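*Asks:*
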Amino acid sequence: MPTSSPKEIAAIQPGHTPPELIRNFSIIAHIDHGKSTLADRMLQLTGVVEQREMRAQYLDRMDIERERGITIKSQAVRMPWTVDGQAYALNMIDTPGHVDFSYEVNRSLAACEGALLLVDATQGIEAQTLANLYMALEADLTIIPVLNKIDLPSADPEKYAGEIANLLGVDTNECIAVSGKTGEGVEALLDRIVAEVPAPEGDPAAPGRALIFDSVYDTYRGVVTYLRVVDGDFDPNEKVKTMATNAIHDVSEIGVISPEPVATKGLGVGEVGYVITGVKEVGQTRVGDTLTSATAPATVPLAGYEDPKSMVYSGLYPVDGSDFPVLRDALDKLKLNDASLSYVPETSVALGFGFRCGFLGLLHLEIIRERLEREFDLDIIATSPSVVYHVVAEDGTELEVTNPSEFPDGKIRQIREPVVAATILTPADYVGTIMELCQERRGTMKGMDYLSPERVELHYQLPLAEVVTDFFDQLKSRTKGYASLDYNMDGEQEADLVKVDVLLNHEKVDAFSSIVHRDKAYNYGNSMARKLKELIPRQQFEIPVQAAVGSRVIARETIKALRKDVLSKCYGGDVSRKRKLLEKQKEGKKRMKSIGRVEVPNEAFIAALTSDAPTGK
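The sequence shown begins at 1296 in our numbering and counts up by one.
#1: What is the residue span of the alpha helix (DSSP H) that Val1473 lies within?
#2: Taking only runs of the alpha helix (DSSP H) that begin and end inside the region 1763-1806, which ones reach a length of at least 4 residues, in chain order?
#3: Using a Cβ distance threshold of 8 Å, determine whether the region 1603-1617 contacts the region 1648-1656, with at least three qualifying pairs required.
#4: Pull up the distance between the alpha-carbon of Glu1668 and that of Val1518, whole angstroms please.
#5: Could you give the DSSP three-state label for Asn1698: helix, strand or coil?
#6: Return the bridge partner residues of Cys1652 from the DSSP annotation.
#7: Three-state secondary structure (DSSP) at Thr1424?
#8: Buried or exposed: Glu1282, going by 16 or more other Cβ atoms within 10 Å of its Cβ?
#9: Go through the region 1816-1845 residue by residue and report every complete run of the beta strand (DSSP E) that reaches 3 residues or more, in order.
#10: Taking 8 Å as the threshold (C-beta atoms), are Asp1509 and Met1538 in contact?
#11: Between which two residues does the beta strand (DSSP E) holding Asn1541 run?
#12: Going along the chain, which residues of its own chain have a beta-carbon closer than 7 Å to the beta-carbon of Thr1642, five neighbours each way excluded?
#13: Please state whether the Cβ-Cβ distance between Leu1484 and Val1473 is less than 8 Å.
#14: By the DSSP assignment, the beta strand (DSSP E) with Glu1749 in it spans what residues?
#15: Hey, quick one: how far does the alpha helix (DSSP H) through Lys1454 stretch, first residue to last?
#16: Which one or two residues does DSSP pair with Ile1488 in a beta bridge?
#17: Where do the ends of the beta strand (DSSP E) carrying Leu1411 lie?
#18: Is it buried or exposed for Tyr1569, if we count other Cβ within 10 angstroms and need 16 for buried?
#19: Assess contact between the region 1431-1447 and the region 1409-1418, defined as three or more Cβ pairs (one per stretch) separated by less than 8 Å. Is contact present?
#20: Nearest to Gly1550 by CA position, among Arg1373, Val1848, Leu1432 and Ile1854, is which residue?
#21: Give the single residue among Val1582, Glu1852, Tyr1455 and Lys1875 whose Cα lies nearest to the Cα of Ile1838.
#22: Could you work out which residue in Val1726, Ser1747 and Arg1318 is closest to Val1564 when comparing CA atoms only?
#23: Can you tell me which of the three DSSP states Ala1856 falls into?
#24: Using the Cα positions of Asn1783 and Glu1533, report the straight-line distance between them to the nearest angstrom.
#25: Can you tell me which of the three DSSP states Tyr1725 falls into?
#26: Apply the 10 Å Cβ neighbour rule to Thr1587 and answer buried if 16 or more other Cβ atoms are within range, or exposed otherwise.
#27: Tyr1383 and Gly1419: beta carbons closer than 8 Å?
#28: Are there any heavy atoms of the ligand SAH lying less than 7 Å away from the beta-carbon of Pro1640, as far as the coordinates show?
#29: Distance, Cα to Cα, Asp1785 vs Pro1748?
#30: Is the distance from the Cβ of Leu1732 to the Cβ of Arg1666 below 8 Å?
#31: For the beta strand (DSSP E) holding Glu1548, just list the boundary residues, first then last.
#32: For Gly1527, which three-state DSSP category applies?
#33: Taking just the CA atoms, how far does Met1823 sit from Arg1350?
#34: His1754: which of Val1763, Gln1709, Gly1561 and Thr1718 sits nearest, CA to CA?
#35: For the region 1681-1694 against the region 1756-1766, do three or more pairs of beta-carbon atoms, one drawn from each stretch, fall closer than 8 Å, so that the two count as touching?
Structural data, given as structure tokens:
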């Protein structure tokens, strides 16, 4: 338990707090560098959470976050802090660290003036640390470098303070050393936030404008909107308008999160809080929209932030077809909570009605699928992930293909696939094995920098399709978990890609089709055929399982027929009698094969289409 005890703190009454007494800041770091633990100590020191109510990862509200030890959703909290007898209000936004949730970080930074750059004193700077830092610098935020986990025996604060100092161009003594576990240095850090993070700026006399940076759906109260007030003020019982959708609502409650919702008499310039309007339609409140007064509206909306671009597409289908409306409502509610999720309805011959969903990465897909199953009690089949291809047909028409079933037949002039610029940070010992992995995945090396004699930064251009399968897992296993990866979109390149179809009893099963590089088509087809041979139960007739590129079969497995022993009653007599019975059985099997349909059980679809399906690598 932390050794620090909360000091006496004078709290400012929330609602219309003077902007000069407000500090809005975010915590940015790589995954597992101790953001949530440091946030816990801050909550204790400022006294907003009583000791008896305290629990680890207090701001991680979802069960999945606690089980996996990662932050998925940004959480805002208001904390009081006193410096030299003056009370201040600190609004902290705890952000995720994984590359798949960088959109959450982007939204959080839009509501802040400062950021704590948190670095693990045992591991140093990681790839996602750099990515989040550049995002904060682009947003023109004040950066406070912090070294965490200094209580660990393996910590080397001096060494990594030097790394951070070189990166930011500051002195090493500007890096503040703390321990989120014991609470050491956290009081000094809070004082430093008050001293260095600028107070929010805005015009209190102007029409009210607030940036919506998050929203959640409450079953009883409707949509709860989280906002940062930029100009003017907002009061309870007034009418507000969202500028993008032009929807007008009555405010039923307005308040701050401290860390539970506390209703106030309003919110002024620079304050971070929530508004409840009783809206039940999830489409009426968009993240990134500007909220203004309906009676005296602002004319110019606030600059929001970039819309997230989906990197990975996967089909989500309910195991029970009657659950389709439930899945649609569930996705609507999750979209409100996670603005980076996109989806459109689609149908599959094999799987029925479902949705083609866009995700920021494989972990994002996994989390959404798990939330659908837990929070909405749905059984989901997720097809293997794919990316967006641009296909130019022989006649010059261009198609956008997000699903192998959309891949055109006939001659193709050109196929373009998305590529990413990947940054890999690794100990120098593993440079060779990482280069080998990137070459296997059709990567092109763009550069290599030594941050220190032991740490290397590799820059590669890689096809996105190669990254979203199991690249991250392979990278971690080949480097014993030491390497870290960050990537962003870097345009398109022409590639020699083919569509591999899977045929059961000479009929195509669209759900098993995949778009792969020509060199890897045979491996993919072979492994998928072998997998389906094990998963599909034997029938009364023989079933060929084939993988084909166009009309050419590249792999085949055969599921043997279940045979009745028709010779059991032939205990004697001429051999021609036995032959006659076998020929009769053979004719029956042939007729059955021509009219028989192969029923693929749901378990086979789930096993073959999950993300551990064969990738041809």
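Using N, Cα and C, we set each Cβ at its ideal position, and we do this for glycine too. Here the structure is a predicted model, which means the values were calculated and not measured.
*Replies:* So, from the listed chains and residues:
#1: Counting along the chain, Val1473 falls outside any alpha helix (DSSP H), and DSSP gives it neither H nor E.
#2: 1766-1773
#3: yes
#4: 22 Å
#5: coil
#6: Ser1609 and Tyr1638
#7: helix
#8: This structure cannot speak to residue 1282, because the chain is shown only from 1296 to 1912.
#9: 1838-1844
#10: no
#11: Asn1541 -> no beta strand (DSSP E), and no H or E assigned at all.
#12: Phe1648
#13: yes
#14: Here Glu1749 belongs to no beta strand (DSSP E), and DSSP marks it neither H nor E.
#15: Pro1452 to Leu1463
#16: Ile1488 pairs with nothing; no bridge assigned.
#17: Gly1409 to Asp1415
#18: buried
#19: yes
#20: Arg1373
#21: Glu1852
#22: Arg1318
#23: coil
#24: 42 Å
#25: helix
#26: buried
#27: no
#28: In terms of ligand content, the structure shown is empty, and the ligand SAH therefore cannot be addressed.
#29: 29 Å
#30: no
#31: Glu1548 to Ile1552
#32: coil
#33: In this prediction, Arg1350 has a pLDDT of 48, which is less than 50 and means its spatial position is unreliable; what the coordinates show is noted afterwards. Arg1350 and Met1823: Cα-Cα distance of roughly 46 Å.
#34: Thr1718
#35: yes
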